[in-house]
Every structure is written in C-alpha cells, then in structure tokens.
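Heads up: the protein sequence lines correspond to chains Z and R, in order.
Each residue of the first sequence is one higher than the one before, counting from 1 in this note's numbering.
Each residue of the second sequence is one higher than the one before, counting from 1001 in this note's numbering.
What follows is a single structure, written as structure tokens, with notes after it.
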Amino acid sequence: MTAASASGLDLRAARRRLLVDTAGIAISVAAFGLVFGLAAHNAGYSPIEASAMSVLTFAGASQFAAVGYVAAGLPWAPIVFLTFVLNARHLLYSASLAPRLRAVPLPQRALMAHVLTDEAFALSATHFHRIGRVDVPGYWIAALVGVFIPWNLATIAGVLLGGAIPDPTRFGLDIVFPAAMAGLAVGLTTGRRELAAAGAGGTIGVVLSLAIGPAVGIVAGGLLGPLVGMAIPVRTPMRIHAESPVPPFSNMDEAFAEMEELPEPEPEPEPEAGP
Amino acid sequence: MTTELVLLAVLMGAVTYVSRAVPILAPGIERLRPRALLYLRLVGPAVLASLAAANTLVWTAADGSRAIHLSIDIVGVLVCLGLTAWRRNLLLGLVSGVAIVAVARAIGVA
Chain Z
1 MTAASASGLD LRAARRRLLV DTAGIAISVA AFGLVFGLAA HNAGYSPIEA SAMSVLTFAG
61 ASQFAAVGYV AAGLPWAPIV FLTFVLNARH LLYSASLAPR LRAVPLPQRA LMAHVLTDEA
121 FALSATHFHR IGRVDVPGYW IAALVGVFIP WNLATIAGVL LGGAIPDPTR FGLDIVFPAA
181 MAGLAVGLTT GRRELAAAGA GGTIGVVLSL AIGPAVGIVA GGLLGPLVGM AIPVRTPMRI
241 HAESPVPPFS NMDEAFAEME ELPEPEPEPE PEAGP
Chain R
1001 MTTELVLLAV LMGAVTYVSR AVPILAPGIE RLRPRALLYL RLVGPAVLAS LAAANTLVWT
1061 AADGSRAIHL SIDIVGVLVC LGLTAWRRNL LLGLVSGVAI VAVARAIGVA
C-alpha cells in the first residue's frame, strides 16, 4: 500500500467519523432550531422572517436574543449592536482558521465564513486535528450537514408548527427563551473566568434592568460581565463530559489548542471529491 | 405575511458576518491582543446570563414600573439550568423546565 493510498483511507475513515459526530450535532441543532421557530412564532415572526433570520444571521444565541428584544419592542439599533457583541466570539474561530485556509480561493473562503459557527468550528477543528491537516470538504460537512441544513429546516418546521398551538403559555413555552439562554450560558462556561463573567453579567443585567430598564441592563451585563471574568486568575479549565451533546460550547479551549498544533496546509489540492 | 423583520435579519447577518469573515478574508488582522481575545471569549456567557436573568426575574408593568417577579418560571429556568449543567444536554433541560411549568400551571399551582 502506498503512502498516498494509506492517506486516502485515513481521510475516508476520518470523514466517516466526522459524519457520525456531525449527526449527533445535527440532531441537537435541529431540536434547538425547532425551539427557535416556536419562539419566533410566539414573538410574532412570520415564516419568511424566521427563515430570513436563520439563513442570513445564522447564529442561534443572537437569534433567540432578537426574539426577546423584538417581543419587548426594542429599537433595531441596540438589537444589531448586541448581535455584533454577542457574535464577536466568531472572531476567535475565524482568526484561528485563517492561517490554515490561505490556500482556499477567496470566494470559497467568503462562503465558508458565513457558515462558521461554534459547532462548525468545533467539528472541523477536531477533524483537522484527527487527520493532521486541513480538509476543506470536511469543513463543509461540519458546517452544512451538521448545522446549516438542520437549523434552517427545523426553523421552518417550528414556526409553522407554532401556528397550531393555541396558547403557548399554557404549555410553558414562554420560558423557552430564558431557559435556552441559561442553558447556552452553562455550555459556554468552561472555567472560573467564564463562570465569573456569567455571574456578573446576570447580576448586572438584573440590577440595571430594575434601575434603568431591560434594554440597558441586558447590554450592560454583557459588556461589563467579561471585565469581572478577566479579573479572575487563570486556573486549569473545568473538566467537561466527554459525551456532551453540546461540544461546540464546551471544548473551545481544547479546540483552539488543537488548532495551534496543526501544520500549515499543503499547497496541492485535495484529490478526493468534496460533498 | 409580514416581511419587516427581514431587514433586521439582513442587518444582524451583516454585523455577524464581519466577525466571521474579517480574519479569514484579511489574515493580516487576525492577531488580536490576548486581552481582547479573552474579553471576546467571556462576552458569550456574560450576555447570555444577563438575558436569562433579566427575562426571568424582572417584570415590567404597563406603566413602566419594574419589580422582581417571583414565579414558577424561575423554577423552570433553574431546572433547565441544572439539568444542562449536570447532563450537558440542553434539550433535556428545556423539555424538563417547560414540562414543570406546564404541569404547575395546569394544576393551578402557578
């Protein structure tokens, strides 16, 4: 067996494993997308508006946040600003991938950027580490099959199914939004600094919401909470469950560390056909 | 069928795309200062916790006055929080939290 064929077999095996990992993520993403669709319906979104959010914004947490803001009648400017702040963490993923993707044509990189999510980064970073180099088709598998397609299909299903529910509060669906925010915050809390930032953000958010108003309080919590977290000395990150169904939010440190160890991409194009 | 929020989606997508694309498309500015990277990493948990806490605890009356609102909603959110932290399963947490609130309201507890 030649080195090239061995590499090909390894790549196929790695992609099979990627698909298995992606399937688990896709189920979770689809369930959450369904909840988003329901929440959007409850907030008065039309199916077109809900789908536009999922296709164009394509960022779960900020989409949920926008549902809350729209329902509260908040002006668009703070919604857009909070979206930028909330999604600024994508800079980290993008900056981490950038050196590895220099060989990819610019138009393709521009499309890859749009589907760069927590899940896509975590899945692809793990896949790249597994094979020891960048695999562009693997990125598309992670981003499209794992996240983009299930998220958007589930959004449509959720917003359409929402129309059949007579009184969402009767079923407790009105707590989906704050509960989902709390759950996502837990997923992002992988160390003491994150915990301090979350605690401070929540406290500041409540206090200033009472004193000034929710619009100011929530944004202030998001902006000032990280400063409290930064004041906490570094320690070993908390251990996380290996079987976590939300790995994109729980192993970012490891994913970044893995990306640091990767070699530069080879100039030769990948011989196998992409998805 | 309304389409007003499509424009909001475009704006939200535009500002999100900036953070997703700038380092990938212009690698020269990929090196942020470590303190800036740390701040960005902490924005997620802080803003989500702020959203969850304010939406659960703060109640705004029709006249604009605000107060702490204690209800079964808090239990539902805390159950979701606890299960998600324990089992690392957001869906399980959401379903359980919603079920508790729904049952409590059905039997007249809340």
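Backbone N, C-alpha and C fix where the C-beta goes; we use that ideal spot for every residue, glycine too.
For clarity, every value in this text was computed on a predicted model and none was experimentally measured.
So what does DSSP say about residue i, is it helix, strand or coil?
i: R/T1060; result: strand
i: Z/A164; result: coil
i: Z/A88; result: helix
i: R/I1068; result: strand
i: Z/D135; result: coil
i: R/L1025; result: helix
i: R/V1103; result: helix
i: Z/I149; result: helix
i: Z/I212; result: coil
i: Z/G284; result: Look at the range of chain Z in this structure, 1 to 275, and you will see that residue 284 of chain Z is not part of it.
i: Z/V115; result: coil
i: Z/A142; result: helix
i: Z/T299; result: Residue coverage of chain Z in this structure runs from 1 to 275, which leaves residue 299 of chain Z outside it and unanswerable.
i: R/T1084; result: helix
In whole angstroms, give me the CA-to-CA distance for residue i and residue j.
i: Z/A13; j: Z/F36; result: 34 Å
i: R/P1194; j: R/N1089; result: Within the shown structure, residues of chain R are numbered from 1001 to 1110, placing residue 1194 of chain R beyond reach of any answer.
i: R/A1009; j: Z/M53; result: 5 Å
i: R/V1098; j: Z/G138; result: 36 Å
i: Z/A215; j: Z/V70; result: 11 Å
i: R/I1074; j: Z/A88; result: 29 Å
i: Z/V207; j: R/L1038; result: 25 Å
i: Z/G205; j: Z/S96; result: 31 Å
i: Z/I131; j: Z/L11; result: 7 Å
Mind pulling the chain R residues with CB within less than 7 Å of residue i?
i: Z/I175; result: D1073, G1076, V1077, G1097, V1098, V1101
i: Z/A31; result: L1091
i: Z/G68; result: L1051, N1055
Applying the criterion that 16 or more other CB atoms from any shown protein chain within 10 Å of the CB defines a buried residue, is residue i buried or exposed?
i: Z/A59; result: buried
i: R/G1108; result: exposed
i: Z/F128; result: buried
i: Z/A23; result: exposed
i: Z/S250; result: In this predicted model, Z/S250 has a pLDDT of only 37, less than 50, meaning its place in the structure is not dependable enough to derive any value.
i: Z/R16; result: exposed
i: R/P1023; result: buried
i: R/M1012; result: buried
i: R/H1069; result: exposed
i: Z/V20; result: exposed
i: Z/P178; result: buried
i: R/L1007; result: exposed
Which bits of chain R does residue i rub up against, with CB to CB less than 8 Å?
i: Z/N87; result: V1015, T1016, S1019, R1020
i: Z/H90; result: T1016, S1019, R1020
i: Z/I156; result: Residues of chain R passing the Cβ test: none, with the nearest at roughly 13 Å.
i: Z/G22; result: The sequence shown places Thr at residue 22 of chain Z, not Gly. Those within 8 Å of Z/T22 in chain R number zero; the least Cβ separation is about 17 Å.
i: Z/F171; result: V1098, A1102
i: Z/G217; result: S1050, A1054, V1058
Looking at the ligand NAD, does it come within less than 6 Å of residue i, judged from the CB to the closest heavy atom?
i: R/I1024; result: Absence of the ligand NAD from the depicted structure is noted, as is the absence of any ligand whatsoever, leaving it without description.
So with CB distances below 7 Å, who are the chain Z contacts of residue i?
i: R/A1053; result: G202, G205, V206
i: R/R1041; result: R89, L92
i: R/V1058; result: V206, S209, L210, P214
i: R/L1081; result: A182, G183, V186
Which residues of chain R have a Cβ atom closer than 9 Å to the Cβ of residue i, listed in chain order?
i: Z/S124; result: By Cβ distance, chain R contributes nothing, its closest Cβ being about 13 Å from Z/S124, past 9 Å.
Taking Cβ positions only, does residue i come closer than 7 Å to chain B?
i: R/A1061; result: Here the protein chains are Z and R, and chain B is not one of them.
*Let me know the alpha helix (DSSP H) ranges lying completely inside the region 158-209 of chain Z, each 4 residues or longer, listed in chain order.*
176-188
*Secondary structure, alpha helix (DSSP H): runs of 4+ residues fully inside the region 47-89 of chain Z*: 47-52, 60-71, 76-86
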